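Chains as they are written, first to last, in the working numbering: chain A, 138 to 490; chain B, 138 to 490.
Even for Gly, the Cβ is constructed at its ideal location relative to N, Cα and C.
Please read these numbers as outputs of a predicted model, since none were measured by experiment.
Below is one structure, written out as structure tokens; comments come after it.
2 protein chains.
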Amino acid sequence: MTFSYQQLFSFAEQVFLAIGCPPADATLATETLLSADLRGIDSHGVARLSGYVRLWEAGRINATPRVGVTYETPSTAVVDGDGGLGLVVGPKAMRIAMAKAELVGTGWVSVKNSNHFGIAGYHAMLALAQDMIGVAMTNASPLVAPTYSLERLLGTNPIAVAVPAGEQPDFVLDMATTTAANGKLEIAQRKNLPIPTGWAQDAAGHPSTDANAVKNGGALQPLGGETGSHKGYGLGAVVDIFSAVLSGANYGPWVPPFVAFLQPSANPVGQGLGHFFGAMRVDAFRPADEFKSHMDNWITTFRNAQAVAGKHVLIPGDPERDMAAHRLLEGLPLLDAVVQDLEGVGKKFGVKL
Amino acid sequence: MTFSYQQLFSFAEQVFLAIGCPPADATLATETLLSADLRGIDSHGVARLSGYVRLWEAGRINATPRVGVTYETPSTAVVDGDGGLGLVVGPKAMRIAMAKAELVGTGWVSVKNSNHFGIAGYHAMLALAQDMIGVAMTNASPLVAPTYSLERLLGTNPIAVAVPAGEQPDFVLDMATTTAANGKLEIAQRKNLPIPTGWAQDAAGHPSTDANAVKNGGALQPLGGETGSHKGYGLGAVVDIFSAVLSGANYGPWVPPFVAFLQPSANPVGQGLGHFFGAMRVDAFRPADEFKSHMDNWITTFRNAQAVAGKHVLIPGDPERDMAAHRLLEGLPLLDAVVQDLEGVGKKFGVKL
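Following this line, the structure appears as structure tokens:
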């Protein structure tokens, strides 16, 4: 089934209002959440709305957080998300990074006591309108085994970097530090298909092509495959450290699970989960017009490179931007299971999809 | 053949002096260069000394550069390397980033008009002694094809991140954004061995197990393998943009080649090659002791995780630190071809190995 962006926006916004979010926060949370659906990252969008609601029901999300700076220097801050939705805490923290960049060139904000923030790319892209480079990272529920580990110690820990261009569309990298996101395994599970090697390992640590491997005691594998997974592990580790060890959030296996039926650790090493945001004013290095015209040259050089037959070289962000343009016009397709799930949420609060 | 660190240090330092480096720069260049040999990254160490000398002979390295800031804000700077050795420009630029971090919490320096800087990890690790997180990146000669490209548009563009710990040894990630460094292909060439798929593609863009694939018109492949190389490509692109589009250095296919027999582009888009350095004071986020004790907990948790039979979970930096301790005691092994090459360099300048 296909829904218009406006229709889903109105629905999700009403649900956030119903759980007690102030109106401005409900709007912000909805915009953040739906940016995933628009950009084709369906695993992180409205399909997760019921998950956020269940966390709220379990008392693990504060609908009226007082998001504030607990420590700062001219170019840094630690933000306490007060247990709020990451969808709200994230953009607020990113704007603090941008305000610091306005004053001293760059701003870097580590966040504790937050929850899942949707897609990293949304937050990084907030910087673009002000001719800044945006950086966003978050740690996440432990599903990933470091190289050689049988234990899940890291989340899919994404990194997003958004870079403004001139005439060309902006450069937007948004990537998990695993080979595949867990959402891709879920899709294979539903379709009863095997998964490529390199995505997951079984409970004994062997490479697995079973889409249920993670469910059955296995783990997602870090980006890099057989000879390079130590690099994906290293990147995921940096995301964890910047997001949580710097801020005072939980890290590694202590990161609270997204699913409400799993309890957070009884002995946390910090508060909630953590994010890390950065903003760098382009003109803190060279005139913005000069930078952007070189970015245009960079982008066209790569896009026009000779490619293997039937393919062309993509710029990070190309597929997601095309998808967003298409879905704004044609609507957003949702799986039946997601529609039923949303209707269940709507019934709870008397909100119609 | 095995040489003591002191022996190689004295030799390399005399060669740098012989090409006209001021004494302090000759010492610094040697320390930077040999950090690669100590840490077991033999492809980036003294084996490259003759390459640097040939670039100097070709007039492409300035032995007496005036390294200076051309633009700055409180947390950023652009540094002009004045065509100097990256081995000298790098540490000087990193110390500028650290001085800014001392004042405003973080410092971020993009460098133009430089040359290859050895291993990224050396520069990032300079921050550790001052309880700072260090970040170092560089672009490099184009050897890597982005996903679907037949053209080489990126270098192996490494990322290093060094994080101070307390009782535990520090966390030091230092990784190329390709599956394998070119040095690994060179080793397979010498031994006449095939390479694993995922390392390189042939001239038609097909995955290749031929160690000569890159030599014969192919390219190195980005980190990530068959289903994930767009991520390695994206990371390598970010390194290129931060190092060169921000600073005004050459980027993409315009990065000057390391080998002197290949000419730099006649139509450069910037000056020399570029680096990017960052320093973040840990106590710009939370008290340093608190941060470091949580890093210790992070490190021991990961190191002690249950592992597949016969293996254990490593912390980034573990193998290189062990190697350095071993080689300081036992000496540094050099291949015969490297020894002959160094003797040739020595003869030129009347320096004995």
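Check                                                                                                                                                                                   : Outcome
Name, please, each residue of chain B whose Cβ falls closer than 9 angstroms to the Cβ of histidine 412 of chain A.                                                                     : The contacting residues do not exist; histidine 412 of chain A stays about 13 angstroms from chain B at best.
Less than 7 angstroms between the CB of serine 251 of chain B and some heavy atom of the ligand ATP, yes or no?                                                                         : The model depicted lacks the ligand ATP and carries no ligand whatsoever.
Unbroken alpha helix (DSSP H) runs of length 4 or more, entirely within the stretch 315-368 of chain B: which are they?                                                                 : 319-328
Using a Cβ distance threshold of 8 angstroms, determine whether the stretch 222-234 of chain B contacts the stretch 184-202 of chain A, with at least three qualifying pairs required.  : no
What beta strand (DSSP E) runs, 3 residues minimum, are completely inside the stretch 246-326 of chain B?                                                                               : 269-275, 296-300 and 308-312
Out of A:Gly292, A:Pro331, A:Phe148 and A:Asp473, which has the shortest C-alpha to C-alpha gap to threonine 315 of chain A?                                                            : A:Gly292
Using the three-state DSSP reduction, which class does valine 406 of chain B fall into: helix, strand or coil?                                                                          : coil
How would you call aspartate 217 of chain B, buried or exposed, if buried means at least 16 neighbouring beta carbons within 10 angstroms?                                              : buried
Aspartate 217 of chain B by DSSP, collapsed to three states: which one?                                                                                                                 : strand
Would the beta-carbon of alanine 173 of chain B fall within 8 angstroms of that of isoleucine 256 of chain B?                                                                           : yes
Report the option in A:Gln143, A:Gly365, A:His260 and A:Ala337 whose CA atom is closest to the CA atom of lysine 352 of chain A.                                                        : A:Ala337
Could you tell me which residues DSSP puts in a beta bridge with glycine 244 of chain B?                                                                                                : B:Ala416
Name, going along the chain, the residues of the stretch 239-264 of chain A whose beta-carbon falls closer than 7 angstroms to a beta-carbon of chain B.                                : Val241, Gly242, Thr243, Trp245 and Ser247
Phenylalanine 486 of chain A by DSSP, collapsed to three states: which one?                                                                                                             : helix
In chain B, which residues lie less than 9 angstroms from proline 306 of chain A when you measure between Cβ atoms?                                                                     : The premise fails here: proline 306 of chain A is roughly 14 angstroms from chain B at the closest Cβ pair, so nothing lies under 9 angstroms.
What residue does the beta strand (DSSP E) around threonine 167 of chain A start on, and which one ends it?                                                                             : Threonine 167 of chain A -> not in any beta strand (DSSP E); alpha helix (DSSP H) instead, spanning 160-175.
When the Cα atoms are used, what is the spatial distance from valine 450 of chain A to glycine 361 of chain B?                                                                          : 16 angstroms
State yes or no: is the beta carbon of leucine 194 of chain B nearer than 8 angstroms to at least one beta carbon in chain A?                                                           : Looking at the sequence itself, residue 194 of chain B is glutamate, so the reference to leucine does not match. So, not an interface residue.
Opposite phenylalanine 140 of chain A in the DSSP bridges: which residues?                                                                                                              : A:Leu469
Using a Cβ-Cβ cut-off of 8 angstroms, state whether methionine 312 of chain A counts as contacting chain B.                                                                             : yes
Looking at the C-beta of lysine 448 of chain B, does it have a partner C-beta in chain A at a distance below 8 angstroms?                                                               : yes
So, are the CB atoms of threonine 346 of chain A and proline 331 of chain A less than 8 angstroms apart?                                                                                : yes
I'd like to know if methionine 417 of chain A contacts chain B, where contact means its C-beta is closer than 8 angstroms to some C-beta of that chain.                                 : yes
Could you pull out every residue in the same chain whose Cβ sits closer than 6 angstroms to the Cβ of tryptophan 391 of chain A, ignoring the five residues on either side in sequence? : Ser402, Pro405 and Val406
Who pairs with alanine 444 of chain A in a beta bridge, going by DSSP?                                                                                                                  : B:Ser286
What residue does the alpha helix (DSSP H) around tyrosine 189 of chain A start on, and which one ends it?                                                                              : 186-194
At a CB-CB cut-off below 7 angstroms, which residues of chain B make contact with valine 382 of chain A?                                                                                : Phe428, His431, Met432 and Trp435
Quick check: the stretch 304-320 of chain A against the stretch 151-161 of chain A, are there 3 or more CB pairs under 8 angstroms?                                                     : no
Give the residues of chain B in contact with lysine 328 of chain A, contact being defined as C-beta atoms less than 7 angstroms apart.                                                  : Here the premise fails: no neighbours, minimum Cβ distance about 17 angstroms.
List the residues that DSSP assigns as beta-bridge partners of glycine 205 of chain B.                                                                                                  : B:Asp217
For alanine 474 of chain A, count the other beta carbons within 10 Å of its own beta carbon; 16 or more makes it buried, fewer makes it exposed. Which is it?                           : exposed
For alanine 299 of chain A and histidine 343 of chain A, what's the separation of their Cα atoms in angstroms?                                                                          : 36 angstroms
Would you list, in chain order, the members of the stretch 350-361 of chain B that have their beta-carbon closer than 9 angstroms to a beta-carbon of chain A?                          : Leu360 and Gly361
Bridge partners of threonine 137 of chain B, per DSSP?                                                                                                                                  : Shown here, chain B extends from 138 to 490; a query on residue 137 of chain B therefore has no answer.
What distance in whole Å lies between the Cβ atoms of asparagine 319 of chain B and leucine 410 of chain B, which are believed to be in contact at a cut-off of 8 angstroms?            : Not quite, the Cβ-Cβ distance comes to about 16 angstroms (not below 8 angstroms), so this is no contact.
In three-state DSSP terms, what is glycine 223 of chain A?                                                                                                                              : helix
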